[in-house]
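**Student:**
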Amino acid sequence: LHAERKPWAEDNRVPMEKVLSDHSSAKFKYEYVAVCVNSTDETLLDIVHGKECKNAESRVALGKYSNQVNTTGWGILEIETFASHSYDVQAYAAGVAEGELTRLQIYYHYKNTIETMCTNHTLFCKRLYKYLQKNLDWLRSEVIAQPPTDPFWRQVNLTFAQLTGIYDSYSKRNLTPEIGFDLHPIYMMQLAGDMFDLNKLLNKTADPLDYPEGGR
Amino acid sequence: CSGFVKLAPGNKDLFISHVSMSSLSWMQRILKIYKFGYDVNEVPGHILTFSSYPGALVSMDDYTITSAGLTSIETTIAIFNNELYTDKYMKPEGQVHCWIRSMISNLLAKTGKQWVDIFGNYNSGTYNNQWTVLDWKHFTPGQPIPDKDVLWILEQTPGYFETRDMSWYLKKYTYFSSYNIPFLPKISERSGFDGKSKQFSWYEWGGSPRARIFDRDHNKVTDIDSLMALMRYNDYTHDEFAKCNCTPFPYTGEGGISARGDLNVPGGTYEVESMGFRDHAGLDFKGTNYEMFKKMQFRAWGGPPYDPLPVFDWNHTNLTNVRHFGQPDVWNFTYVDLEWE
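Residue numbers (my numbering), protein chains in the order written: chain A, 1 to 216; chain B, 217 to 557.
Structure representation (structure tokens):
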């Protein structure tokens, strides 16, 4: 049925003047969250909807988000962290703010790109799991083995702190600033580009509509 | 993807732009800025702004502006040489995946040279790209650009990467374009593009449709609007460079700066597989000029290119069974000019 249609249709063209006029009248709402050190247990962080924590010093990160997906095609996210806290806590809190503010879009993106990746590819996914777990274990061991002053490995550590923050926040877990080197769906979202070649290395069968020269 | 760096006439402005091409299921998009409270001397790129995806810590397009005065973009290099997919070059220990290396390069590099040097460490052989890194600190409007350190590229295959200062090229030709084909001879040879390009100009650096369109039209770019027009350009039914030995129509929607593989004919015959009907299109446009860069701003347009092509509409596409939860049905948007707080 679809093959009989022309590859493009005149009827769904939208005049550029209308697009620009609709756009200029659009009003966008912003949502804010602050990530604050818990007032009774300093090993925990809290999410506060709004810009302020109970006291200014306890604010580790501030996030601002506008979901304009249905009006511009984009969500717009701003995350700021504050220098009065350690780098590790800042990175984790940045992730926490993002996970909280963009939870809905993360969920949709998960549904679109991750949820079915192992459907009909069970053996491939077993190989992939083994490969990725081994890589995460090696990264963890290197972060521990390298001097904490090593700039590269310090940033590896901070990157995983931020990732852990997103995962904990998205999953509504306790917000204890930690650094996990764990395999979870949010981690898989980071690997999208790397997967083009891991698919080939680990012999994934191509899906019919896959672009033959996978990449971006 | 398509990447493009352009000096305006008289060096009055400088532009860097990118179009991401991928599966249309990847249109949940977020424009992000991270402002970390790290010491600027330790982490020059402590402020990062980029086009991205939900849950992603890096751009993945890639299009990233850093507070160190750099912009990094990339287009992917396909690896046709399957002999590179072995545990000799790709292994789970001793290698760091691309997304982490790109994050760390953006955070730590002060210069384009530093960016490519950092990125080259622990090559995982995954997400093999041609990276283009522009150092805005060497640009002054109306002045000639220096002979070096304005523009660096890095190209990667499993087990090997190479970097080169391409400032001379930008100075000589006033533009540098990136279109999924390696520039460096050894990368071309290792990846298999050498052999492919002898069979089809589709794979030839300088000879592929996008290379030829960029070469023909780069002079049309004088401001951010004309930059956007070039990067979203796709008029494949009329453009001579989009012609192919294909049936039922002698052209391909992949033959534009921003692709529309969804408009090709299902069941059609295409001389190269990647010319055909696919879940593959340009998903966006991002571009910045010198004034915008100074405020870490850029212009972004979400969705596949239209005008003169039809607007992408999930209700009127031949792509069925492509997941698009949470996406608008009709992608008839225009651009946003980002202004961060």
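All C-beta atoms, glycine included, are put in the ideal place defined by N, C-alpha and C.
Measuring straight from C-alpha to C-alpha, what distance separates residue 445 of chain B and residue 523 of chain B?
**Tutor:** Roughly 10 Å separates the two Cα atoms.
**Student:** Output the distance between the C-alpha atoms of residue 359 of chain B and residue 504 of chain B, rounded to the nearest integer angstrom.
**Tutor:** Distance between the alpha carbons of residue 359 of chain B and residue 504 of chain B is about 19 Å.
**Student:** Per DSSP, residue 68 of chain A forms a beta bridge with which residues?
**Tutor:** According to DSSP, which records beta bridges pairwise, residue 68 of chain A is partnered with A:74.
**Student:** Counting only Cβ-Cβ distances shorter than 8 Å, please list the residues of the region 162 to 183 of chain A near chain B, keeping chain order.
**Tutor:** Listed in sequence order: 162, 163, 166 and 170.
**Student:** If you measure from the CB of residue 236 of chain B, is any heavy atom of the ligand NAD nearer than 7 Å?
**Tutor:** What this structure holds is no ligand at all, so the ligand NAD is not there to describe.
**Student:** Could you tell me which whole beta strand (DSSP E) segments of length 3 or greater appear in the region 362 to 449 of chain B?
**Tutor:** Listed in chain order, the complete beta strand (DSSP E) runs (minimum 3 residues) inside the region 362 to 449 of chain B are 367 to 373, 376 to 381 and 391 to 394.
**Student:** Could you check whether the Cβ of residue 47 of chain A sits closer than 8 Å to any Cβ belonging to chain B?
**Tutor:** Judged by the 8 Å Cβ criterion, residue 47 of chain A is not in contact with chain B.
**Student:** Within the continuous alpha helix (DSSP H) that includes residue 217 of chain A, where are the two ends?
**Tutor:** This structure cannot speak to residue 217 of chain A, because chain A is shown only from 1 to 216.
**Student:** Taking all protein chains shown into account, decide if residue 463 of chain B is buried (16 or more other Cβ within 10 angstroms of its Cβ) or exposed.
**Tutor:** So residue 463 of chain B ends up on the exposed side.
**Student:** Would you say residue 521 of chain B and residue 450 of chain B are within 8 Å of each other, going by their C-beta atoms?
**Tutor:** Yes. Within cutoff.
**Student:** Can you look up residue 307 of chain B in the DSSP assignment and give me helix, strand or coil?
**Tutor:** DSSP places residue 307 of chain B in coil when its eight states are reduced to three.
**Student:** Using a Cβ cut-off of 8 Å (strictly closer), state whether residue 461 of chain B contacts chain A.
**Tutor:** Not an interface residue.
**Student:** Nearest chain A C-beta to residue 420 of chain B closer than 8 Å, yes or no?
**Tutor:** No, its Cβ sits nowhere closer than 8 Å to a Cβ of chain A.
**Student:** Is there a Cβ of chain B sitting closer than 8 Å to that of residue 81 of chain A, yes or no?
**Tutor:** Closer than 8 Å: yes.
**Student:** Just to make sure I have the definition right: I need the residues of chain B whose C-beta is within less than 8 Å of the C-beta of residue 200 of chain A. Which are they?
**Tutor:** Those are 295, 298 and 301, listed as they occur along chain B.
**Student:** Name the two residues that bound the continuous beta strand (DSSP E) containing residue 315 of chain B.
**Tutor:** From DSSP, residue 315 of chain B is part of no beta strand (DSSP E) but of the alpha helix (DSSP H) over 314 to 324.
**Student:** Counting only the same chain and skipping the five closest in sequence on each side, list residues whose C-beta sits under 7 Å from that of residue 481 of chain B.
**Tutor:** For residue 481 of chain B, where only same-chain residues beyond five positions count, the Cβ hits under 7 Å are 464, 465 and 493.
**Student:** CB residue 540 of chain B to CB residue 243 of chain B, shorter than 8 Å?
**Tutor:** Their beta carbons are under 8 Å apart, which means residue 540 of chain B touches residue 243 of chain B by this criterion.
**Student:** Could you tell me how far apart the beta carbons of residue 458 of chain B and residue 477 of chain B are, in whole angstroms, since I believe they sit closer than 8 Å?
**Tutor:** In fact, because the Cβ distance is near 12 Å, the residues do not count as touching under 8 Å.
**Student:** Residue 242 of chain B by DSSP, collapsed to three states: which one?
**Tutor:** Residue 242 of chain B: helix per DSSP, three-state reduction.
**Student:** By how many angstroms is the C-alpha of residue 517 of chain B removed from the C-alpha of residue 348 of chain B?
**Tutor:** The alpha-carbon atoms of residue 348 of chain B and residue 517 of chain B are separated by roughly 21 Å.
**Student:** When burial is assigned at 16 or more other CB atoms within 10 Å of the CB, is residue 395 of chain B buried or exposed?
**Tutor:** By the 10 Å Cβ count, residue 395 of chain B comes out buried.
**Student:** Let me check understanding here. Comparing Cα to Cα, which of B:295, B:277 and B:296 lies closest to residue 287 of chain B?
**Tutor:** Of the listed residues, the one whose Cα sits closest to residue 287 of chain B is B:277.
**Student:** How would you list, in chain order, the residues of chain A whose beta-carbon sits under 9 Å from the beta-carbon of residue 337 of chain B?
**Tutor:** Neighbours of residue 337 of chain B on chain A, chain order: 152.
**Student:** Alpha carbon to alpha carbon, how far is residue 282 of chain B from residue 265 of chain B? Give it in angstroms, no decimals.
**Tutor:** Whole-angstrom Cα-Cα distance: 7 Å.
**Student:** Beta-carbon within less than 7 Å of residue 376 of chain B's beta-carbon, same chain only, minus the 5 sequence neighbours each way: which residues are those?
**Tutor:** Once the five neighbours on either side are set aside, the close Cβ partners of residue 376 of chain B are 406.
**Student:** Who are the Cβ neighbours of residue 50 of chain A in its own chain at under 8 Å, not counting the five residues just before and after it?
**Tutor:** Hits under 8 Å: 32, 33 and 34.
**Student:** Short check: CB of residue 384 of chain B to CB of residue 331 of chain B, under 8 Å?
**Tutor:** Not closer than 8 Å, so no.
**Student:** Which class does residue 51 of chain A belong to by DSSP, given the choice of helix, strand or coil?
**Tutor:** Three-state result, residue 51 of chain A: coil.
**Student:** Going by beta-carbon coordinates alone, are residue 105 of chain A and residue 61 of chain A separated by less than 8 Å?
**Tutor:** Result no, Cβ atoms of residue 105 of chain A and residue 61 of chain A do not sit closer than 8 Å.
**Student:** Just the Cα atoms here: how many angstroms apart are residue 554 of chain B and residue 248 of chain B?
**Tutor:** Each residue's Cα considered, the two are about 10 Å apart.
**Student:** Given a threshold of 16 other Cβ atoms within 10 Å of its Cβ, counted over all protein chains shown, does residue 208 of chain A qualify as buried or as exposed?
**Tutor:** When all chains shown are included, residue 208 of chain A counts as exposed.
**Student:** Does the region 186 to 205 of chain A come close enough to the region 412 to 420 of chain B to have 3 or more Cβ pairs within less than 8 Å?
**Tutor:** Too few Cβ pairs lie closer than 8 Å, so no.
**Student:** Can you tell me whether DSSP reads residue 56 of chain A as helix, strand or coil?
**Tutor:** In this structure, residue 56 of chain A counts as helix in the three-state DSSP scheme.
**Student:** Residue range of the alpha helix (DSSP H) that residue 218 of chain A falls in?
**Tutor:** The requested residue 218 of chain A does not occur in the structure, where chain A is confined to residues 1 to 216.
**Student:** Which whole-angstrom value is the C-beta distance of residue 461 of chain B and residue 197 of chain A, which I expect to be below 8 Å?
**Tutor:** Contact flag wrong, Cβ pair sits at about 30 Å.
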